[in-house]
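The structure under discussion appears below in the form of C-alpha cells.
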Amino acid sequence: MSHELRATSPADNLRLERKTSTACKTKSHNTIILRVMPPNSPRLRVSAWFRSFLSSPQATFIREALQKVITLLTITEPLWTGTAVAFVFISYLLNIGPAYPWIGLGVVSLTFPLRLINRSASRLATPFDLPLALLMIAALLGLLTSPNRTISLGAFQCMLAMSLLYYSWVNYIKISTLMKCVLLLSPLAFLIVLLLALFNLPSPSTQPNFVFGGIGTHHGLALALVIVVAILTGMAIFGHHTATRLLAGIICLSFLVIVLIVTWESLKSLLTWESISGRLPIWGDTIDMIKDSPLSGLGLGCWALVYHGSATITSEITHAHNAYLELYSNTGILGAIALVFFLGVGLKIAFDIIKSPRNNPWYGFGVGIVLACVATLMVSIVESAPTGVPLVASDTYYYLISPIPWILAGLLVIARNLQST
Numbered sequence: 005m006s007h008e009l010r011a012t013s014p015a016d017n018l019r020l021e022r023k024t025s026t027a028c029k030t031k032s033h034n035t036i037i038l039r040v041m042p043p044n045s046p047r048l049r050v051s052a053w054f055r056s057f058l059s060s061p062q063a064t065f066i067r068e069a070l071q072k073v074i075t076l077l078t079i080t081e082p083l084w085t086g087t088a089v090a091f092v093f094i095s096y097l098l099n100i101g102p103a104y105p106w107i108g109l110g111v112v113s114l115t116f117p118l119r120l121i122n123r124s125a126s127r128l129a130t131p132f133d134l135p136l137a138l139l140m141i142a143a144l145l146g147l148l149t150s151p152n153r154t155i156s157l158g159a160f161q162c163m164l165a166m167s168l169l170y171y172s173w174v175n176y177i178k179i180s181t182l183m184k185c186v187l188l189l190s191p192l193a194f195l196i197v198l199l200l201a202l203f204n205l206p207s208p209s210t211q212p213n214f215v216f217g218g219i220g221t222h223h224g225l226a227l228a229l230v231i232v233v234a235i236l237t238g239m240a241i242f243g244h245h246t247a248t249r250l251l252a253g254i255i256c257l258s259f260l261v262i263v264l265i266v267t268w269e270s271l272k273s274l275l276t277w278e279s280i281s282g283r284l285p286i287w288g289d290t291i292d293m294i295k296d297s298p299l300s301g302l303g304l305g306c307w308a309l310v311y312h313g314s315a316t317i318t319s320e321i322t323h324a325h326n327a328y329l330e331l332y333s334n335t336g337i338l339g340a341i342a343l344v345f346f347l348g349v350g351l352k353i354a355f356d357i358i359k360s361p362r363n364n365p366w367y368g369f370g371v372g373i374v375l376a377c378v379a380t381l382m383v384s385i386v387e388s389a390p391t392g393v394p395l396v397a398s399d400t401y402y403y404l405i406s407p408i409p410w411i412l413a414g415l416l417v418i419a420r421n422l423q424s425t
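Numbering (our numbering), first residue to last: 5 to 425.
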C-alpha cells in the first residue's frame, strides 16, 4: 500500500492543499527561528554559562552557605523576632522617628519568606486568623479617623508588630523547647519584677515617659504578675512531676505577694466599692463619647485626648478603666466584633485543653493559660491595662498597646498544640 497523499475527491484535494501549506509554513517558521537565534548568540552563551555555574563547586558552596544561614535564622527565630518587636515599641516610646518602627516590622516580616523557603516550617494558619484580621482592619480604621495620627500610628505599628510576633512564635518548629526556655527564665523575670515593684525607679529627665511609680503602670505590672501567678498555679496543681509542682508553687506564692504589695490600695478601694463608684461616671462618659462615633470609635489610642479635649493631660484620668470600652474606643464596632470572635475561638481551645489527657506533661501549663485568660477577662472589667496603657507626662502623651491579648492567644494555641503531640 502506498503512503503518498492522494486526493480522491474535491474535499480530499482541499485537505491536501491545507496540509501542504501548513508544512511549508512550519519549515519557514523554523528557518526564521534559526536565523534569529544563531548558535553563538549572547543569550545562548549566557544561558550556557549560567547552567555551567550552577553545577560548579562555587555555586554548591553558596547554596550550602545560604542553607546554613536559613537554618540558623529558623532556629533562632524567637530571639530575633522578639528583639525586633521590642525595637518597635522602644522606637515609638523614645520618639526617635516614624521610620525606625518600620525597620523593626520589616525584620519581623522576614519570617514569612523564610517559611516559604524552608518548606518544613511553612505552616502559618492558626485558629485566631479571622479575629486578628478583623482587629487589624479595625485598628487601621482607627488610625485613619484618629484626631492625632502620630499617636495612632505608633499604636498601630505596635499592634502590627505583635501580630507578626504571634505568627512567628505559634509556628516555631521547636515550640516545646521555646516554652521550656520561657519557663526557665521565670526566676530572672521574678528578680526584675521584684525590683520594679519594691523601688520607685527614677525616670530620665529627657524621657519622662518611663515612670514606674504611676498607678496605671503599677496596674499593668500587677496584671502581668497575675497572669504569671495563674500559669504557675496550673503547673503547681497539675504538674507532671513533683519537683515541677513544688518549684511552681514557691514561685507562685512569691509572685502573689508582689501582686498584693503593688495593688493593695486598689484592692481595698475595690472591695469597699469606692473604686467602682469612681469608675461609673467615667464609663458613662465613655459610652456617651462612643455614641458620637459608634462605627469608627474615638481614634486608636486617643481616648484621653477626646475625653479631655486637649493633647495636654493634666488630670489623673487617662483611660476608661474598662478594657472593653477602651477597645471599642480604639477600634470601633469592628474591634468589638473581633473581640466576640476572639472569645469564641478562645473558649473552644480552652475546652480542648481541659478535656485533654491529664497525664500529658503540658496539661498543667495548659490549665494555667486558661486560668490566666479568665483572670485577664475579669481584670478587664475594672482596668484598661489588658488593652493599653497611657503614658503621660507634663507635655507628653503616648499610648502603649498592651501585648497581653496576643501573648495569651499565642499561649492558648501553643498549649493545645503541645497537648496534641
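Yeah, the Cβ is synthetic: ideal placement off N, Cα and C, and Gly gets one too.
Query, Result
"Using only the alpha-carbon positions, how far apart do E320 and I385 sit?", "19 Å"
"Considering just the uninterrupted stretch of the alpha helix (DSSP H) at Y104, what are its terminal residues?", "A103 to S113"
"Just to confirm before moving on: does the CB-CB distance between M166 and A143 stay below 8 Å?", "no"
"Following the continuous alpha helix (DSSP H) through V393, name the residue where it begins and the one where it ends.", "Segment G392 to V396 is the beta strand (DSSP E) holding V393; no alpha helix (DSSP H) there."
"Leaving out the 5 sequence neighbours to the left and right, which residues in its chain are closer than 7 Å to S156 when beta-carbon positions are compared?", "G146, L147, S150, G303, L304, G305 and C306"
"Taking the alpha-carbon positions, what's the I74 to E387 distance?", "43 Å"
"Contact defined as beta carbons within less than 8 Å: I believe V428 pairs with V263. What is the distance between those atoms, to the nearest angstrom?", "Because the chain in this structure spans residues 5 to 425, residue 428 falls outside the shown range and cannot be described."
"Quick check: what's the CA-CA separation for G86 versus M382?", "28 Å"
"When the Cα of S333 is compared with those of L139, F65, L251 and L76, which residue comes out closest?", "L139"
"Going by DSSP, what residue range makes up the beta strand (DSSP E) through Y401?", "Y401 to I405"
"My understanding is that L250 touches I353, with C-beta atoms under 8 Å, so please give their C-beta distance in whole angstroms.", "So it is not a contact: roughly 28 Å between Cβ atoms."
"Label G282 either buried or exposed according to how many other C-beta atoms from any shown protein chain fall within 10 Å of its C-beta, with 16 as the threshold for buried.", "exposed"
"May I have the straight-line CA-CA distance separating I418 from N152, to the nearest angstrom?", "37 Å"
"Between the C-alpha atoms of E68 and Q62, what's the straight-line distance to the nearest angstrom?", "10 Å"
"Just verifying my parser: in three-state terms, what is the DSSP assignment at N152?", "coil"
"Which residue comes first and which comes last in the alpha helix (DSSP H) that contains G86?", "E81 to L98"
"In three-state terms, what does DSSP make of T318?", "coil"
"Once the 5 residues before and after I179 are set aside, which same chain residues still bring their CB inside 6 Å of it?", "I418"
"Tell me where the alpha helix (DSSP H) around C256 begins and ends.", "T246 to L275"
"Assuming T246 contacts M239 (C-beta within less than 8 Å), just tell me the rounded distance between them.", "Wrong, their Cβ atoms sit about 12 Å apart, outside the cutoff."
"In terms of alpha-carbon separation, which member of I337, G370, L338 and D292 lies closest to L351?", "G370"
"Could you spell out where the alpha helix (DSSP H) holding H312 opens and where it closes?", "W307 to H312"
"Can you tell me where the alpha helix (DSSP H) with L444 in it begins and where it stops?", "Missing from the structure shown is residue 444; the chain here goes from 5 to 425 and no further."
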